[in-house]
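Input: a single structure, listed below in structure tokens.
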């Protein structure tokens with residue numbers, strides 16, 4: 001088995017604040033739509049949350065899964081299942097050898113709703129009322145295990161946990177699985193269902209969330225001087241990755257090539273990005289090198305760009321540090337301006353978006369930039385989509401997570 | 415007031431349907447939970463606890479293994495109601 005097999009992308013799936021499928025999400029992105037909504041949960045007022053809105057899932061998983069399935073899955077697993085079904089159908093739902101079929105699905109938080117909901121039940125009603133499936137529902141590998149079980153994928157089911165880089169890292173894990181010859185095809189992505197009062201309160205106390213409560217749809221505004229934090233989102237994004245020969249043998253539609261991944265750790269601070277961007281830029285450089293490309297080949301960046309005052313500048317500096325003048329030729333999109341920040345699913349969703357951007361040769365916009373921050377020296381795609389050039393092109397997708405995790409993916413045209 | 419056999423059967427069928435998605439009509443007195451209805455031990459635990467709440471009875475853990483059929487469960491609940 002060759003250790004340098006090429007890996008291609010043959011299926012795109014998602015469920016997001018913009019739509020119940022990746023196709024609907026993509027339409028929303030090109031239209032520049034915001035997925036933010038005011039939350040009407042009683043806990044918002046009960047606990048006087050400083051931020052009162054979020055990027056809530058657009059379509060209930062019950063549209064796709066049965067009532068019984070939903071009862072037995074934490075929302076984080078439900079979202080992963082919906083996105084996996086979407087991606088698998090998009091790949092043509094092929095018949096594959098189960099022992100050559102892998103799964104890698106990351107999550108930042110795991111089954112938070114189950115963990116805390118069952119804890120409430122234990123205290124209020126006692127041990128006999130705790131759901132017997134509480135443990136398999138709350139464990140962070142439940143999404144990958146459940147997808148493996150439902151799709152009959154037996155090459156291995158992996159779970160990466162690296163906060164907001166989890167989803168991107170899982171795609172890298174599946175890519176490595178296929179490259180190393182452990183699998184021919186894999187479902188890879190990330191999922192998150194963390195809009196729970198404790199998680200919300202924690203981010204509020206960090207002052208990480210936007211509090212633009214009177215204007216939620218304009219709250220996520222990467223690169224704008226008025227940005228005041230990220231907007232919490234939920235959902236899942238999934239790719240079907242496949243070895244080139246396997247995809248060709250079955251006549252699959254190939255969107256793009258999954259060309260490389262770079263990873264590093266800051267070892268600087270548990271939450272703050274390293275201000276010079278040394279670790280982040282190292283991940284980006286490594287991803288491009290491992291893809292066998294040069295910075296000049298990268299014509300588009302789907303940035304992490306969460307809309308925090310510090311984070312957006314740190315990433316912009318890291319891109320500049322990594323690529324120097326070549327960064328001038330990169331059209332940069334901050335799609336969290338529309339989707340919100342899906343935490344452990346963010347890098348996965350943006351991986352799916354980047355694959356589609358390369359396939360369609362179109363960079364989605366960054367919305368809500370009214371006063372462009374002069375500290376950002378990047379060519380940002382603003383307001384409306386931008387066409388990408390013909391010929392061989394490649395794009396970079398950045399994800400960074402609390403803990404100092406840096407993950408960069410490179411996806412190129414096929 | 416204690417529920418009749420028919421009322422208990424119907425109540426149990428609702429609980430089984432909610433837990434497993436099986437048609438309520440499939441939940442009949444002579445059906446085995448494991449053999450006929452394909453209910454595993456984890457689902458059985460949930461059904462037992464929900465039945466306790468619905469009918470105001472207590473079904474001890476050591477008794478659950480004796481409830482092989484739907485009829486066994488209905489009789490046990492009926493007896494426990496006194």
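Chains as they are written, first to last, in this note's numbering: chain F, 1 to 414; chain V, 415 to 496.
Heads up, the beta-carbon is just placed ideally off N, CA and C, and yes, glycines get one too.
CB of residue i within 9 Å of CB of residue j, strictly
i	j	result
residue 139 (chain F)	residue 131 (chain F)	no
residue 103 (chain F)	residue 239 (chain F)	no
residue 397 (chain F)	residue 350 (chain F)	yes
residue 424 (chain F)	residue 192 (chain F)	The structure shown does not extend to residue 424 (chain F), since chain F is modelled only from 1 to 414, so the question has no answer here.
residue 235 (chain F)	residue 83 (chain F)	yes
residue 338 (chain F)	residue 29 (chain F)	yes
residue 478 (chain V)	residue 422 (chain V)	no
residue 381 (chain F)	residue 395 (chain F)	no
residue 333 (chain F)	residue 167 (chain F)	no
residue 79 (chain F)	residue 390 (chain F)	no
residue 314 (chain F)	residue 280 (chain F)	yes
residue 241 (chain F)	residue 298 (chain F)	no
residue 187 (chain F)	residue 316 (chain F)	no
residue 147 (chain F)	residue 153 (chain F)	yes
residue 227 (chain F)	residue 373 (chain F)	yes
residue 237 (chain F)	residue 89 (chain F)	no
residue 77 (chain F)	residue 233 (chain F)	no
residue 433 (chain V)	residue 129 (chain F)	no
residue 301 (chain F)	residue 260 (chain F)	no
residue 306 (chain F)	residue 204 (chain F)	no
residue 197 (chain F)	residue 37 (chain F)	no
residue 343 (chain F)	residue 194 (chain F)	yes
residue 456 (chain V)	residue 65 (chain F)	no
residue 295 (chain F)	residue 326 (chain F)	yes
residue 419 (chain V)	residue 438 (chain V)	no
residue 328 (chain F)	residue 222 (chain F)	no
residue 277 (chain F)	residue 322 (chain F)	yes
Presumed contact (8 Å Cβ cut-off) between residue i and residue j, rounded CB distance
i	j	result
residue 144 (chain F)	residue 157 (chain F)	4 Å
residue 495 (chain V)	residue 471 (chain V)	6 Å
residue 392 (chain F)	residue 413 (chain F)	6 Å
residue 231 (chain F)	residue 273 (chain F)	About 19 Å; that fails the 8 Å criterion.
residue 367 (chain F)	residue 19 (chain F)	16 Å between Cβ atoms; not a contact.
residue 224 (chain F)	residue 319 (chain F)	The pair is not a contact, with the Cβ atoms about 18 Å apart (cut-off 8 Å).
Environment of residue i [buried if 16+ CB atoms lie within 10 Å]
i	result
residue 26 (chain F)	buried
residue 460 (chain V)	buried
residue 266 (chain F)	buried
residue 480 (chain V)	exposed
residue 54 (chain F)	buried
residue 8 (chain F)	buried
residue 202 (chain F)	exposed
residue 1 (chain F)	Any answer about residue 1 (chain F) is weak, because its pLDDT of 39 lies below 50 and its placement is not dependable; what the coordinates show is given next. Exposed is the call here.
residue 449 (chain V)	exposed
residue 62 (chain F)	exposed
residue 493 (chain V)	exposed
residue 93 (chain F)	exposed
residue 416 (chain F)	Not covered by the structure: residue 416 (chain F). The range shown for chain F is 1 to 414.
residue 190 (chain F)	buried
residue 10 (chain F)	buried
residue 256 (chain F)	buried
residue 183 (chain F)	buried
residue 114 (chain F)	buried
residue 118 (chain F)	buried
residue 67 (chain F)	exposed
residue 482 (chain V)	exposed
residue 180 (chain F)	exposed
Residues that residue i bridges to, as DSSP identifies them
i	result
residue 19 (chain F)	F:16
residue 200 (chain F)	BP columns for residue 200 (chain F) are empty, so no partner.
residue 490 (chain V)	Per DSSP, none; premise fails for residue 490 (chain V).
residue 323 (chain F)	Partner(s): none; residue 323 (chain F) has no beta bridge.
residue 372 (chain F)	F:224
residue 235 (chain F)	F:192
residue 127 (chain F)	Note: residue 127 (chain F) sits in no beta bridge, so no partner.
residue 401 (chain F)	F:405
residue 300 (chain F)	F:331, F:395
residue 11 (chain F)	F:240
residue 483 (chain V)	V:446
residue 382 (chain F)	F:366
residue 410 (chain F)	F:260, F:396
residue 37 (chain F)	F:54
residue 387 (chain F)	F:362
Along the chain, which unbroken stretches of the alpha helix (DSSP H) at least 4 residues long are found entirely within the stretch 40-112 of chain F? 42-46, 67-71, 75-90
Mind listing, in chain order, the continuous alpha helix (DSSP H) runs of no fewer than 4 residues lying wholly within the stretch 145-186 of chain F? 166-179
Completely contained alpha helix (DSSP H) runs for the stretch 241-296 of chain F, where each covers 4 or more residues: 244-249, 278-290
What beta strand (DSSP E) runs, 3 residues minimum, are completely inside the stretch 327-359 of chain F? 331-333
What are the uninterrupted segments assigned as alpha helix (DSSP H) that are 4 or more residues long and contained completely in the stretch 418-467 of chain V, given in chain order? 419-434
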